[in-house]
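Below is one structure, written out as structure tokens, with a few remarks after it.
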Amino acid sequence: DDLPDWMDRHHVDIVRTHATSLDGQSIGKYVDRTKFLKNLPEGYGISEMAMACDIAGQPHLTHWHPERVDNFGDVLLRPDLETLISDGTDPALGHCICDFTHNDGRPHSLCSRTLLKRMIGRLAELGLLAKTTFELEFFLFDESFDDIRRKQFRNLKPKTGSRLQNIYLLRNAYHATGFMTEVIKRMEWKGIRWENWNDEAGTGQYELNLVPSDPLSMADNVMRVKNILYEVAVDQGLAVTFMPKLGEGFATGMHMHHSLTTTSGEAAFFDPTAADNHSKVLRHWLGGLQQTLPAAISFLAPTINSYRRFRDFGAVPLTATWGEENKSTALRLVSRSSGLARIEHRAGAGDPSPYQAPAVVLADGMAGGERELEPGPAYEGLAWGTPDSVAKLPTTIMTAADALRADTLLPEYLGADFIDYWIGTRKAEWLAGHTGGGDPVSPQVSLWEFQRYFDLV
Numbered sequence: 030d031d032l033p034d035w036m037d038r039h040h041v042d043i044v045r046t047h048a049t050s051l052d053g054q055s056i057g058k059y060v061d062r063t064k065f066l067k068n069l070p071e072g073y074g075i076s077e078m079a080m081a082c083d084i085a086g087q088p089h090l091t092h093w094h095p096e097r098v099d100n101f102g103d104v105l106l107r108p109d110l111e112t113l114i115s116d117g118t119d120p121a122l123g124h125c126i127c128d129f130t131h132n133d134g135r136p137h138s139l140c141s142r143t144l145l146k147r148m149i150g151r152l153a154e155l156g157l158l159a160k161t162t163f164e165l166e167f168f169l170f171d172e173s174f175d176d177i178r179r180k181q182f183r184n185l186k187p188k189t190g191s192r193l194q195n196i197y198l199l200r201n202a203y204h205a206t207g208f209m210t211e212v213i214k215r216m217e218w219k220g221i222r223w224e225n226w227n228d229e230a231g232t233g234q235y236e237l238n239l240v241p242s243d244p245l246s247m248a249d250n251v252m253r254v255k256n257i258l259y260e261v262a263v264d265q266g267l268a269v270t271f272m273p274k275l276g277e278g279f280a281t282g283m284h285m286h287h288s289l290t291t292t293s294g295e296a297a298f299f300d301p302t303a304a305d306n307h308s309k310v311l312r313h314w315l316g317g318l319q320q321t322l323p324a325a326i327s328f329l330a331p332t333i334n335s336y337r338r339f340r341d342f343g344a345v346p347l348t349a350t351w352g353e354e355n356k357s358t359a360l361r362l363v364s365r366s367s368g369l370a371r372i373e374h375r376a377g378a379g380d381p382s383p384y385q386a387p388a389v390v391l392a393d394g395m396a397g398g399e400r401e402l403e404p405g406p407a408y409e410g411l412a413w414g415t416p417d418s419v420a421k422l423p424t425t426i427m428t429a430a431d432a433l434r435a436d437t438l439l440p441e442y443l444g445a446d447f448i449d450y451w452i453g454t455r456k457a458e459w460l461a462g463h464t465g466g467g468d469p470v471s472p473q474v475s476l477w478e479f480q481r482y483f484d485l486v
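One point on numbering: in the working numbering, the residue at position 43 of the sequence shown is 72, and numbering is uninterrupted.
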């Protein structure tokens with residue numbers, strides 16, 4: 030009953046609804062206020078093609094899924110009214126995040142946001158709550174998307190000072206201040222809290238860190254922030270991309286930090302009575318993360334371009350290892366105090382779905398916790414240039430899909446049908462690359478990759 034009053038107070042006449050595809054793209058419509066209110070709570074229909082297509086708009090070869098009927102129809106976008114906010118920039122516009130559902134209101138198993146909610150619920154049944162945040166890395170260019178496309182992505186002009194691969198350089202960051210000031214203003218108008226931003230190691234690369242929150246709110250905020258970054262870039266005649274690998278130099282990742290607390294608020298990863306401060310919960314959680322790491326990579330590095338990151342000494346983990354305060358391992362532990370106790374999952378590229386990534390990480394950890402899996406020994410030293418005896422992560426989209434297929438733990442959590450469908454989409458992505466002009470073996474990033482990923486991931 031209060032919703033029309035809220036819309037009156039905030040002058041909202043149009044609602045931009047927003048769901049997220051399997052490939053992490055924003056899907057939705059601009060909906061008139063009357064239509065939006067009339068269709069609550071079920072939401073409104075969109076063609077199921079929105080769920081059936083790859084990042085370039087081509088139908089997945091695995092579209093025929095147990096979830097769907099044999100005819101071709103609609104799915105619903107069901108608004109989550111707890112996410113309804115006003116825009117701040119456009120006085121008449123509101124935003125609301127939605128879940129994909131069937132026409133009868135049943136949850137859709139191919140909805141990544143629904144999957145994440147299911148993992149959060151299962152974790153709560155174990156008496157645990159998660160808190161997460163992402164490090165959002167991106168490249169910023171001092172030219173528009175149209176200009177970049179016209180010259181076929183060659184001779185890009187990074188928005189920075191030095192062309193060297195410095196990091197945290199304030200003179201470089203100064204060049205992005207006008208852009209980031211507007212980004213932060215729009216974030217704050219939408220209630221999205223941030224901690225810091227800085228120049229990163231790549232030329233024209235920056236990182237934005239958000240205040241940790243529950244996994245669902247964090248995923249929602251990440252999608253909103255990525256859209257804000259894109260929109261500010263368009264408004265200022267710039268270009269921004271989360272495409273992982275653009276050429277020589279450092280690549281883009283999306284590292285996920287997470288911690289667990291009990292329902293009473295105690296840090297579940299920290300045990301002050303243990304010599305290393307590692308609790309039993311942490312050990313088993315870490316054991317699950319480590320054992321399922323090869324399988325998880327398919328979700329954390331979803332595109333052909335994602336795997337160009339996997340190079341020795343390139344700041345990207347290559348091994349299924351963990352270490353205390355060791356950023357060369359895939360799983361970095363911080364356990365020096367109760368308030369800081371967390372795991373940084375460093376394997377993610379810059380392009381995974383912010384719903385799938387935490388859903389998979391929570392599933393990995395729960396698999397270890399419920400089976401009391403123990404991790405291997407902590408890796409000491411740099412985990413690059415390691416001997417063959419150290420377990421490696423998959424380095425191509427197909428070997429990652431094969432590792433996911435071989436995993437016996439994740440189907441219990443994510444669902445065998447969901448995993449089967451996802452593997453099929455990765456095979457379709459591989460096929461698209463090999464038939465469309467992509468060449469993952471070549472050291473040069475292909476034009477096909479730029480055209481497919483630059484402004485869409």
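Glycine residues also receive a C-beta, built at the ideal position from the N, C-alpha and C atoms.
Computed from a predicted model, the values in this text were never measured in an experiment.
Original post:
Less than 7 Å separating the beta-carbons of Gln-385 and Ser-141?
Top reply: Yes, the pair counts as a contact, with Cβ atoms nearer than the cut-off.
Original post:
Which two residues bound the contiguous beta strand (DSSP E) that contains Trp-226?
Top reply: Where Trp-226 is concerned, the enclosing beta strand (DSSP E) starts and stops at 223–228.
Original post:
On the three-state DSSP scale, how would you describe Tyr-235?
Top reply: strand
Subject >> Own chain residues within Cβ distance below 7 Å of Ser-475, not counting five before or after >> reply: Gly-466, Gly-467, Asp-468
**OP:** With DSSP collapsed to three states, give me the class of His-204.
**Re:** helix
**OP:** Measure the alpha-carbon distance for Ala-445 versus Asp-34 and round it to whole angstroms.
**Re:** 44 Å
Original post:
In the region 116–155, which residue ranges form an unbroken beta strand (DSSP E) of at least 3 residues, counting only runs that do not cross its ends?
Top reply: If we require 3 residues or more, the beta strand (DSSP E) runs fully inside the region 116–155 come out as 122–130.
Original post:
Given 8 Å as the limit, is there contact between the region 375–383 and the region 281–298, that is, 3 or more CB pairs closer than that?
Top reply: Touching, yes.
Subject >> Leu-318 - DSSP class collapsed to helix/strand/coil >> reply: Looking at Leu-318 - three-state DSSP - the assignment turns out to be helix.
Original post:
Between the region 192–201 and the region 160–170, do three or more beta carbon pairs fall short of 8 Å?
Top reply: At 8 Å Cβ cutoff, the stretches do not touch.
Original post:
Taking just the CA atoms, how far does Gly-53 sit from Gly-86?
Top reply: 13 Å
Subject >> Cutoff 6 Å; reference Asn-184; Cβ partners in own chain excluding five residues on either side >> reply: Its chain contains no residue whose beta carbon lies nearer than 6 Å to that of Asn-184 once the 5 sequence neighbours on both sides are disregarded.
Original post:
Grouping DSSP H, G and I as helix and E and B as strand, with all else coil, what is Leu-169?
Top reply: In this structure, Leu-169 counts as strand in the three-state DSSP scheme.
Subject >> Segment contact, 8 Å Cβ cut-off, at least three pairs: the region 437–455 with the region 414–423 >> reply: no
Subject >> Rounded separation between Thr-358 and Leu-318 - CA only >> reply: Spanning the two alpha carbons is a distance of roughly 13 Å.
Original post:
Do the CB positions of Thr-321 and Asp-431 come within less than 7 Å of each other?
Top reply: no
**OP:** Evaluate the contact criterion for the region 292–299 versus the region 358–369: three or more CB pairs, one atom per stretch, below 8 Å.
**Re:** yes
Original post:
Roughly how many angstroms lie between the CA atoms of Glu-217 and Leu-245, to the nearest whole one?
Top reply: 18 Å
Original post:
Is the region 209–225 close to the region 113–129, with three or more CB pairs under 8 Å?
Top reply: The region 209–225 vs the region 113–129: in contact.
**OP:** Tell me whether Asp-133 is buried or exposed, calling it buried when 16 or more other Cβ atoms sit within 10 Å of its Cβ.
**Re:** exposed
Original post:
By the 10 Å Cβ neighbour count, where 16 or more other Cβ atoms means buried, how is His-463 classified, buried or exposed?
Top reply: exposed
Original post:
Rounded to a whole number of angstroms, what is the C-alpha to C-alpha distance between Gly-278 and Gly-231?
Top reply: 6 Å
Original post:
With a Cβ-Cβ cutoff of 7 Å, do Phe-174 and Asp-484 count as a contact?
Top reply: yes
Subject >> Backbone CA spacing between Glu-71 and Leu-105 [nearest angstrom] >> reply: 7 Å
Original post:
To the nearest angstrom, how far is it from the Cα of Ser-24 to the Cα of Ile-56?
Top reply: Residue 24 falls outside the range modelled here, since the chain spans only 30 to 486, and no answer is possible.
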